[in-house]
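For the sequence shown, the numbering used here assigns the number 1090 to the initial residue and increments by one for each residue that follows.
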Amino acid sequence: MRAARAALAAARAGDTTRRHDRVRQALTALVEAAHDITISSVARAAGVHRSFIYRHPELRLAVEQAQRSTTISTAAVASAAWLHTDLANAQAQNARLVQQIKLLENRLSDALGVQAHQASGIGAPDKAAQLEYRCLELEQRVRDLTHQLEERTDDLEAARVANRNLMTLINRHQS
1090 MRAARAALAA
1100 ARAGDTTRRH
1110 DRVRQALTAL
1120 VEAAHDITIS
1130 SVARAAGVHR
1140 SFIYRHPELR
1150 LAVEQAQRST
1160 TISTAAVASA
1170 AWLHTDLANA
1180 QAQNARLVQQ
1190 IKLLENRLSD
1200 ALGVQAHQAS
1210 GIGAPDKAAQ
1220 LEYRCLELEQ
1230 RVRDLTHQLE
1240 ERTDDLEAAR
1250 VANRNLMTLI
1260 NRHQS
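Structure follows, in structure tokens:
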């Protein structure tokens, strides 16, 4: 009778060891495949009941650690994509600002030239010069509005890219 009990206990221990191994292998496979890691998904993949994982604290801890590590790596991917988008936007804005500075320097030079001309008493600018100045002002206004439109278009595109990336990540974790 004792021999039968010992054999039964050994068989039970062997079964527990095999299920332990299957859970660890399933967890490794889910992590490598970048699937959603939950106790239910690991139990399903290993062919054991969820209660088996809950009854063995080391298995539950391994599943929880895998959940945390995949959450961190997903956040890092999203952050890297966001940083690349943000960098591209900053570089485009820098180029626009350089162009606008050159334009403003030219306008300032023209305005100071007109002031110096008037202050010298040589003569006041004629109507054509005033119209030309007004034309330059309107051209600058058009450039400013175009710049604002480009900036908002870039912001919209960056938001769309970020939204697309986040939706991809969400969909990947739901499957």
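Note that beta-carbon positions come from the ideal geometry of N, C-alpha and C, so glycine has one too.
Separation of residue j from residue i, as counted between CA atoms
{"i": "LEU1245", "j": "ILE1259", "result": "21 Å"}
{"i": "ALA1092", "j": "ARG1144", "result": "28 Å"}
{"i": "ALA1095", "j": "VAL1112", "result": "26 Å"}
{"i": "LEU1234", "j": "LEU1227", "result": "10 Å"}
{"i": "LYS1191", "j": "THR1242", "result": "23 Å"}
{"i": "VAL1187", "j": "THR1127", "result": "52 Å"}
{"i": "ALA1248", "j": "CYS1224", "result": "36 Å"}
{"i": "GLU1240", "j": "ASP1175", "result": "13 Å"}
{"i": "ALA1251", "j": "THR1106", "result": "45 Å"}
{"i": "SER1085", "j": "GLN1189", "result": "The chain is shown from 1090 up to 1264; residue 1085 falls before or after that span and cannot be answered."}
{"i": "LEU1201", "j": "LYS1216", "result": "18 Å"}
{"i": "SER1130", "j": "ALA1177", "result": "39 Å"}
{"i": "ARG1185", "j": "ARG1232", "result": "10 Å"}
{"i": "ALA1181", "j": "ILE1211", "result": "44 Å"}
{"i": "LEU1255", "j": "ARG1157", "result": "18 Å"}
{"i": "GLU1147", "j": "ASN1183", "result": "53 Å"}
Residue i burial status per 10 Å Cβ neighbour count (16 or more: buried)
{"i": "LEU1172", "result": "exposed"}
{"i": "ALA1118", "result": "exposed"}
{"i": "LEU1150", "result": "exposed"}
{"i": "LEU1220", "result": "exposed"}
{"i": "LEU1193", "result": "exposed"}
{"i": "ALA1208", "result": "exposed"}
{"i": "LEU1097", "result": "exposed"}
{"i": "ALA1115", "result": "buried"}
CB-CB length for residue i against residue j, believed under 8 Å
{"i": "ALA1134", "j": "PHE1141", "result": "About 13 Å; that fails the 8 Å criterion."}
{"i": "ARG1108", "j": "VAL1137", "result": "5 Å"}
{"i": "VAL1120", "j": "ALA1155", "result": "5 Å"}
{"i": "GLN1229", "j": "ARG1196", "result": "7 Å"}
{"i": "ASP1125", "j": "HIS1262", "result": "5 Å"}
Fill in: Complete runs of the alpha helix (DSSP H) confined to the stretch 1130-1163 [at least 4 residues]
Considered as a whole, the stretch 1130-1163 harbours 1139-1144 as its complete alpha helix (DSSP H) runs of no fewer than 4 residues, in chain order.
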